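See structure below.
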Amino acid sequence: MLYSGTDWSFPILRDCYGEIDRIASEELKLDTYPNRIEIITSEQMLDVYTSHGMPISYPHWSAGKRFVSHENAYKRGLMGLAYEVVINSSPCISYLMEENSATMQALVIAHAAFGHNHFFKNNRLFREWTDSTQILDYLEFARGYVARCEERYGVKAVERILDAAHALQNQGVDRHTGSKRLDLRQEQERARERRAYEDEQFNDLWRTLPEGQKPANGKTESGEPLATLGLPEENILYFLEKNAPRLANWEREIIRIVRLIAQYFYPQPQAKLMNEGCATWVHNFIMHRLHDKKLIDDSAILEVIHSTSNVITQRGFDEGGGPNFNPYALGFAMMTDIARVCTDPTAEDRLWFPDHAGNHDPIGTLHHAWAEYRDESFVQQFLSPKVIRDFRLFRLEDDLSQPYLLVDAIHDDAGYREIRRSVAASYDPGLLAEEIEIVGADLTGDRILRLEHRTRPGKLLQPTDARLTLEHLGALWGYGVILKEVDSQTGAELGSYALA
Amino acid sequence: MEIIDRRPNPHGKNTENRQRVLTRARQAIQTAVRDAAAQGRIREIGQDSAVSIPADVLHEPSFHRHFNAGTRHFVLPGNKEFVKGDRLRRPPGGEGEGAGEGSGAGDQGGGEDSYRFVLSREEFLDLFFDDLELPDLIKREVASITSLATSRSGLTSDGSPSQIDLGRTMRRSMGRRIGLKRPKPQELIAVEAEIDALEEQRPLTDTQFLRLQELRDERTLLRQRLARIPWVDPVDLRYRRFTPVPKPTTQAVIFCIMDVSGSMTEKMKELGKQFFMLLHVFLEKRYEKLEIVFIRHAETAEEVDEDVFFTDPRTGGTVVSTALDLMHDVQRDRFPADKWNIYAAQISDGDNISSDMIKVKHLMTEAILPVVQYFAYVEVSLGGALLRSETDLWRGYKIIADSAPQLAMRQVQDRRDIFPVFRDLFARRATERAGE
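Protein chains in written order, with UniProt numbering: chain A, 1 to 500; chain B, 1 to 436.
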C-alpha cells in the first residue's frame with residue numbers, strides 16, 4: 001500500500017510517482033519528457049491561470065484583468081481551481097495544488113506528468129510547431145526584454161505596442177507554412193546581439209540632430225516592388241514587424257515576442273479534446289491498475305472514480321451543455337471507445353473501423369491516434385456510432401431566415417455521418433479562423449495598408465471589435481488602413497472599414 | 001523526476017498587474033467609486049468595498065466573426081425526444097446570440113459585462129479624493145516650520161558608538177591593512193607550524209638550522225607587524241551623521257460649525273452631517289495629525305463631541321456670532337496658528353438675527369479669517385430655493401468673501417449635491433473661491 005488516508009507527504013509523492021512511472025512505461029509504453037513536479041498554493045494557482053499556465057510572463061494589465069476576474073470567481077465560489085496545470089516544456093512542469101488529497105496527487109501525476117506529457121512529446125502538432133526545450137528560457141528573455149523597454153521608454157509606450165500586438169495576436173501566426181519549428185534560443189541570441197550592437201553604437205549626440213535631415217527612413221521607401229513585401233501576407237504581425245515604416249527597433253522586437261508566443265500556443269487549442277481525452281484515459285487506466293496491484297485502497301479508488309466522473313460529465317443541451325463539448329467527456333469517451341473497438345468490437349464497429357476493429361492492440365492504436373491526429377481529424381476518423389448514441393447527439397440547422405431551428409440529424413443510421421462531419425467541423429481551425437490577409441501597402445505612395453477578409457455573407461466581422469482592432473493595427477502601421485470584407489466565392493465586397 | 005516545493009515562493013505575482021489594471025481603468029473606477037459613495041452611507045466610505053466597472057473599459061478587441069445571416073449547423077448532446085425534421089422554437093437571445101460557431105460571442109464581443117474590483121480602503125480613498133486638495137496647504141506649511149526632525153547626512157569620523165557604521169569602518173580597516181601590508185594571521189600560523197616541525201626534529205642539519213633561524217626571525221617580524229598594525233584602528237572608524245532638518249508641520253485642526261436652531265430641519269441637518277463626514281474622511285487621509293472640533297449653535301454655542309454633534313437633537317433660535325466667538329476662543333487657547341493648519345466649515349440655513357450680523361462680520365474679518373487657511377460656508381436650502389432671496393448670512397459673508405479668498409461659499413439643496421459641492425470646494429487649482 002502506497003499510503004492510506006488523505007494526507008500526502010513528499011516521500012508518498014515520490015513512491016506514487018515511482019509506481020505510476022512503472023505502469024506508464026511498462027504497460028502503457030508512454031514516452032515522456034523528464035518530469036518536474038511543483039507544489040503550489042491556491043493563490044499561486046491563480047497566478048498560474050493568469051499567465052495561461054506559463055510560469056513566467058511579461059507584465060501587462062491584461063494579466064491583471066484576468067487575475068481579478070479569476071480571483072473574483074474563485075472567492076465567490078463560482079469557480080473551482082483545477083487540480084493541476086501542466087506546461088508543454090522540457091522538463092515538463094506539472095503544478096499540483098497543496099490542498100489535494102494523496103489520491104488526488106497521485107491522480108494528477110498520472111494525468112499531467114504522464115498523460116499530457118506523453119501527448120506533448122508525441123503529437124505531431126506539438127512536435128512540428130513547438131520547441132519545448134526552449135520555451136521557458138524564451139519567456140524569461142521576453143519578460144526581461146519588456147521590462148528593460150519599460151525602463152528605457154516608459155510603461156505607456158510599451159503598453160501601446162503590447163495592446164496593439166495582443167489585439168492582432170490571432171493574426172500573428174503562420175498557419176500554413178508546415179513544419180517550421182521555432183528556434184527560440186536563436187531568437188534570444190539574435191535579440192541580444194542586436195541590443196548589444198545598439199548599445200555599442202549609442203551616442204546621445206545623434207538625438208540632437210535635426211529630424212528632417214535624416215535620409216528618409218531606410219530602403220523600403222525608395223520604392224521596393226510589391227513582390228518583395230511578400231504579399232499577400234496572412235501573418236499581420238509578421239508583416240508589421242518587418243515593414244511598418246514608423247516603428248522603432250525595440251517596438252519591432254516586442255511585436256516579435258508577442259507573435260512568437262502566440263505561435264507557440266497556436267497548436268494547443270487544436271488538440272485540446274485529444275489532449276484531455278488522452279490524459280484522462282491514462283490517469284483512469286493507471287489508477288485502476290494501482291488498485292488492481294493493491295497499491296491503493298478501496299476508498300482511494302472510489303475517490304478516483306468520483307473525481308473522474310465529475311470531470312467527464314457532459315451536460316445535455318437543456319442543462320447548459322453544448323454547443324461546445326466538455327473536452328474531458330468527449331475525449332475520454334472516444335479514447336475508451338477506441339480501446340473497446342480494438343478488443344471487443346461489434347459488427348457495427350467492424351463495418352465502421354475495419355482498420356483497427358478487433359486488432360487487440362488498444363495501446364498501439366491509441367498511441368497512433370495520439371501522435372498523428374488533431375481534434376478535427378481525430379473526430380472525423382474515430383467518432384463512432386456508439387459514442388454518438390451514448391452522448392445522444394443531434395444536429396440543429398440554424399437558418400436565420402426561419403423562425404425555428406430544424407433538427408436535421410439525430411443519432412441514428414441516417415445521422416451518424418452528418419453528425420460526425422459537423423462535430424469535426426466545429427474543431428476545424430481552418431473554418432474557425434478568420435481569413436484576413438494583407439493585400440497591399442503602397443510604400444511609395446499614400447502608404448495605406450489594405451487588408452481583405454475573405455468570408456461568406458452572414459459571417460462578417462463583429463463591427464465594434466473590428467473597428468477597435470483596426471485602430472490598434474493603424475497605431476502600429478502608422479498610416480491609414482483599409483479592411484474590406486470580400487465574399488470568398490463571388491468576390492463581391494460585403495463591407496469595409498477604413499482608418500485614416 | 002524532481003519535486004519542488006514552490007509554496008514558500010513569493011506570492012502576489014500579479015499585484016503589479018492588478019495595479020496596472022487600476023491605472024488603466026482609473027477613470028471608470030473613479031466614477032464607480034463615487035457612485036458607490038453616493039449610494040452608500042457616507043459614514044461607511046473607506047471600508048473595503050467592491051466596485052463594478054463596465055467591461056468595455058478593459059475590453060481587448062480582436063478580429064472575430066459573428067453569425068448574423070444564412071445557415072449553420074451545430075451538434076448538441078442530450079437528445080431525449082427529437083427526431084429528424086422536428087422544429088424547435090428559437091431560444092431567447094435573438095440573432096447572432098449565444099450558440100455561435102467558434103467565437104461564440106454576443107453582439108458586443110466581450111462576453112463579460114462588468115468587472116468587479118475589491119478595493120482596499122487606501123485605494124478607495126485615493127480614487128475617491130483623487131483630484132481634491134486642501135487649499136493653500138503648501139503655503140502655510142512652508143510659512144510655519146515648527147518642528148525639527150533628524151535626517152541622515154553622510155558620515156563623520158567621530159560620534160557615539162551606537163551610530164558606528166560597521167560596513168564603512170571595516171571597509172576602511174581592510175584598505176588600511178592591505179595598504180600597510182599587515183601580515184595575515186595564517187602566515188604566522190604557517191611559520192610557527194614550520195618552526196614546530198623543525199624543533200621536533202633533532203639533530204638538525206646545518207641547512208635546517210639556518211632555516212630555523214630564518215624562520216624565527218621571520219616570526220618575530222610578523223608578530224611585531226601584527227602588533228603594530230591593528231586590526232581596527234581609530235582612524236578607520238566612521239559614524240553615521242545626523243543633522244536636524246526643519247520639518248513642515250502637518251497637523252491640522254478643523255472646526256465643524258453647525259447651526260442646530262429650530263429653523264434647521266432634520267433633513268438639512270442630515271445634509272450638513274454628510275458634508276462633515278466627507279470632510280472628516282478627506283482630512284484624515286491628508287494629515288498625520290488631525291484634530292476636529294465640533295461646535296454647534298442655536299442662540300448659544302457649545303463644543304460637543306462627535307456623537308453628540310451627529311446625533312443629539314437640539315433646537316432654539318439662531319445667533320451665529322456665538323459659534324464664531326467660541327471657535328475663536330478654542331483656536332486661540334488650543335491651536336495656535338503658527339503650529340496648526342486651521343480649517344473651518346460651517347453649515348447653516350443662513351438664518352441669523354439681523355442685529356448679530358455686525359458682530360459676525362467683525363469676528364470673521366478680524367479674528368477668524370486671518371488665521372484660517374480655508375473657511376467653507378455651506379448653506380443648505382431645501383425646496384423653493386429658487387424663489388428665496390439671499391439669506392442674511394449669505395449676504396453678509398458675500399461682502400467679506402469678495403476680499404478674502406480663503407472664504408468659500410456654496411449652496412446645497414439635495415443629497416446629490418453634496419459631493420459635487422465638496423469637490424468644487426476642494427478641487428485642485430480652484431481659481432474662483434467665493435460666491436457664485
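Just so you know, even glycine gets a beta-carbon here, dropped at the ideal spot from N, CA and C. If you're wondering where the values come from, they're calculated on a predicted model, not measured in any experiment.
Can you give the beta carbon distance from residue i to residue j, rounded, assuming they're within the 8 angstroms contact cut?
i	j	result
valine 320(B)	serine 348(B)	7 angstroms
glycine 159(B)	tyrosine 239(B)	3 angstroms
glutamine 169(A)	leucine 237(A)	7 angstroms
leucine 443(A)	proline 245(A)	7 angstroms
aspartate 351(B)	threonine 391(B)	6 angstroms
valine 258(A)	alanine 165(A)	4 angstroms
phenylalanine 119(A)	tryptophan 370(A)	6 angstroms
lysine 13(B)	aspartate 137(A)	Incorrect: roughly 19 angstroms between the Cβ atoms, too far for contact.
valine 304(B)	isoleucine 342(B)	That pair is no contact at about 19 angstroms.
proline 77(B)	phenylalanine 391(A)	5 angstroms
leucine 278(B)	isoleucine 418(B)	7 angstroms
tryptophan 340(B)	alanine 252(B)	6 angstroms
At 7 angstroms on the CB atoms, spell out the chain B contacts of residue i, in chain order.
i	result
glutamate 41(A)	The question names glutamate, but residue 41(A) in the sequence shown is threonine. Those are Arg7, listed as they occur along chain B.
serine 318(A)	In the sequence as presented, serine is not what sits at residue 318(A); that position holds aspartate. The contacting residues are Gly78.
isoleucine 436(A)	Phe63
So, at 8 angstroms on beta carbons, what are the nonlocal neighbours of residue i in its own chain, with the 5 sequence-adjacent residues on each side left out?
i	result
proline 203(B)	none
aspartate 337(A)	Phe382, Ser384, Lys386 and Val387
aspartate 7(A)	Ser101 and Ala102
glutamate 299(B)	Ser261, Gly316, Gly317, Thr318, Val319 and Thr322
arginine 24(B)	Val57 and Leu58
Per DSSP, which one or two residues make a beta bridge with residue i?
i	result
histidine 297(B)	Asp259(B) and Ala301(B)
tyrosine 264(A)	None, per the DSSP bridge assignment.
cysteine 16(A)	For cysteine 16(A), which the question treats as bridged, DSSP gives no partner whatsoever.
isoleucine 419(A)	Looking at the DSSP assignment, isoleucine 419(A) forms no beta bridge with any residue, so it has no partner.
tyrosine 374(B)	Tyr343(B)
leucine 406(A)	Glu397(A) and Arg87(B)
aspartate 5(B)	Ile39(A)
leucine 97(A)	The residue you asked about is not leucine; residue 97(A) is methionine in the sequence shown. Ile40(A), per the DSSP bridge assignment.
alanine 197(B)	None, per the DSSP bridge assignment.
isoleucine 438(A)	Glu233(A) and Leu451(A)
Output, in chain order, the set of chain A residues within a Cβ distance shorter than 8 angstroms of residue i.
i	result
isoleucine 4(B)	Arg36, Ile37, Glu38 and Ile39
arginine 87(B)	Tyr404, Leu405, Leu406 and Val407
Cβ closer than 8 angstroms: which chain B residues qualify as neighbours of residue i?
i	result
glycine 415(A)	Lys84
Between residue i and the rest of its own chain, which residues show a CB-CB distance below 7 angstroms, the 5 nearest in sequence each way excluded?
i	result
aspartate 15(A)	Leu2
glutamate 19(A)	Leu2, Leu290 and Leu295
glutamine 163(B)	Tyr239 and Arg240
proline 267(A)	Leu125, Phe126, Trp129 and Thr130
isoleucine 4(B)	none
Taking residue i as the query, report the chain A residues whose CB atoms sit under 7 angstroms from its CB, ordered along the chain.
i	result
serine 62(B)	Ala167, Asn170, Asp465 and Thr469
asparagine 58(B)	First, the amino acid is wrong: residue 58(B) is leucine here, not asparagine. Result: Lys65.
histidine 66(B)	Gln462
Residues in its own chain within less than 6 angstroms of residue i by CB, not counting five upstream and five downstream?
i	result
isoleucine 292(B)	Ile254
glutamate 333(A)	Going by the sequence as given, residue 333(A) is alanine instead of glutamate. Same-chain partners within the cutoff: Val387.
leucine 449(A)	Ala441, Trp477 and Val481
serine 25(A)	none
At 9 angstroms on the CB atoms, spell out the chain B contacts of residue i, in chain order.
i	result
threonine 133(A)	None at all; the shortest Cβ gap to chain B is about 16 angstroms.
threonine 50(A)	Lys13, Asn14 and Asn17
Could you name the residues of chain A that residue i contacts, counting a contact when the two beta carbons are closer than 9 angstroms?
i	result
histidine 280(B)	Within 9 angstroms Cβ-Cβ: nothing; histidine 280(B) doesn't reach chain A, min ~31 angstroms.
tyrosine 115(B)	Lys65, Val68, Ser69 and Asn72
Any heavy atom of the ligand NAD closer than 8 angstroms to the Cβ of residue i?
i	result
glutamate 397(A)	Absent from the structure shown: the ligand NAD. Ligands present: none.
Sufficient close CB pairs (3 or more, under 8 angstroms) joining the region 93 to 111 of chain A to the region 357 to 364 of chain A = no
Please confirm if the region 271 to 282 of chain A is in contact with the region 312 to 328 of chain A, defined as three or more CB-CB distances below 8 angstroms between the two stretches.
-> Yes, they touch.
Any contact of the region 387 to 396 of chain A with the region 406 to 421 of chain A, i.e. 3+ C-beta pairs under 8 angstroms?
-> Yes: at least three Cβ pairs fall under 8 angstroms.
Is it a yes or a no for the region 34 to 51 of chain A touching the region 297 to 307 of chain A, going by three-plus beta-carbon pairs under 8 angstroms?
-> no
Does the region 274 to 292 of chain A come close enough to the region 252 to 264 of chain A that 3 or more CB-CB pairs lie under 8 angstroms?
-> no
With a cut-off of 8 angstroms, do at least 3 Cβ pairs link the region 444 to 461 of chain A to the region 152 to 164 of chain A?
-> no
Is there contact here, the region 187 to 196 of chain A with the region 137 to 154 of chain A, by at least three beta-carbon pairs under 8 angstroms?
-> yes
Kindly confirm or deny that the region 364 to 380 of chain B and the region 268 to 275 of chain B touch, where touching means at least three C-beta pairs closer than 8 angstroms.
-> By the Cβ rule, the region 364 to 380 of chain B counts as touching the region 268 to 275 of chain B, because three or more pairs are nearer than 8 angstroms.
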